[in-house]
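Undergrad: Input: one structure, supplied below.
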Amino acid sequence: MGEQMTVADVERFLETAFPQLEGAKEAGHDSQEGDRRHYTVVSVGPATATMRLDPGIRHLRPGGTVSGPSLFTLADVGCWVAILAQIGPQEMVVTTNLTINFLRLPKQKPVDCDCRILKLGRRLAVVEALMHQGNPAEPVAHATGTYSIPPANGR
1 MGEQMTVADV ERFLETAFPQ LEGAKEAGHD SQEGDRRHYT VVSVGPATAT MRLDPGIRHL
61 RPGGTVSGPS LFTLADVGCW VAILAQIGPQ EMVVTTNLTI NFLRLPKQKP VDCDCRILKL
121 GRRLAVVEAL MHQGNPAEPV AHATGTYSIP PANGR
């Protein structure tokens with residue numbers, strides 16, 4: 001596999017390979033929030049990564065709670081980052097399956113996503129993600145994902 005990546009390495013990679021994660025400013029969305037980032041890499045380690053969503057207006061659903069699609073994105077990107085941190089920058093690591101269970105209504109405050117690689121093979125990785133708002137014993141969502149890793153020779 002490739003070289004392990006640091007938080008700074010992963011952040012740089014996300015900015016160039018996945019700029020749509022933060023998205024272009026859309027009319028009427030986040031105009032009062034300036035250029036602040038919503039999805040950030042908090043940490044990477046051996047077979048782990050933590051991502052954080054600092055929700056803006058576009059991440060909320062009626063009632064002021066963080067939306068399911070925003071949590072799904074957090075889980076998917078967090079799992080992807082956990083894999084990339086281990087194998088190095090490979091754009092074509094792709095999601096083949098992601099299952100999420102929503103457990104509690106997340107308040108309009110940061111959500112951490114703690115990801116743990118359960119299996120990292122040559123062609124597939126399986127990752128677990130636990131999303132919480134400061135207390136992992138009270139998760140707001142739990143996800144498991146399977147990711148396809150392209151062969152080194154591109155076949």
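Note that full-length UniProt numbering numbers the sequence shown so that position 121 is 121, with each residue one more than the last. The beta-carbon is built from N, C-alpha and C at its ideal position, and this holds for glycine as well.
Using three-state DSSP, classify residue 21 as helix, strand or coil.
TA: Helix, per DSSP.
Undergrad: Within the continuous beta strand (DSSP E) that includes residue 44, where are the two ends?
TA: That run of the beta strand (DSSP E) goes 39-45.
Undergrad: Tell me the start and end of each unbroken alpha helix (DSSP H) in the region 110-135 that is at least 4 residues and wholly inside, in chain order.
TA: For the region 110-135, not a single whole alpha helix (DSSP H) run of length 4 or above is found.
Undergrad: On the DSSP bridge list, what partners appear for residue 65?
TA: Paired residue(s): 61.
Undergrad: Which two residues bound the contiguous beta strand (DSSP E) that contains residue 141?
TA: Where residue 141 is concerned, the enclosing beta strand (DSSP E) stretches over 141-148.
Undergrad: Identify whether residue 16 lies in helix, strand or coil by the three-state DSSP scheme.
TA: The answer is helix: DSSP assigns residue 16 an H, G or I state.
Undergrad: Quick one: Cα of residue 15 to Cα of residue 81, how far?
TA: In a straight line, the C-alpha of residue 15 is about 13 Å away from that of residue 81.
Undergrad: Using a 10 Å radius around the Cβ and a threshold of 16 neighbouring Cβ atoms, would you call residue 94 buried or exposed?
TA: Classification for residue 94: exposed.
Undergrad: Whole angstroms is fine: what's the gap from residue 89's alpha carbon to residue 136's?
TA: When rounded, the distance between both Cα atoms is 29 Å.
Undergrad: For residue 10, collect the residues of the same chain with a Cβ closer than 7 Å to its Cβ; drop the 5 residues on either side in sequence, then sort them by chain order.
TA: Within the same chain, residue 10 has close Cβ partners 41, 44, 81, 84 and 85.
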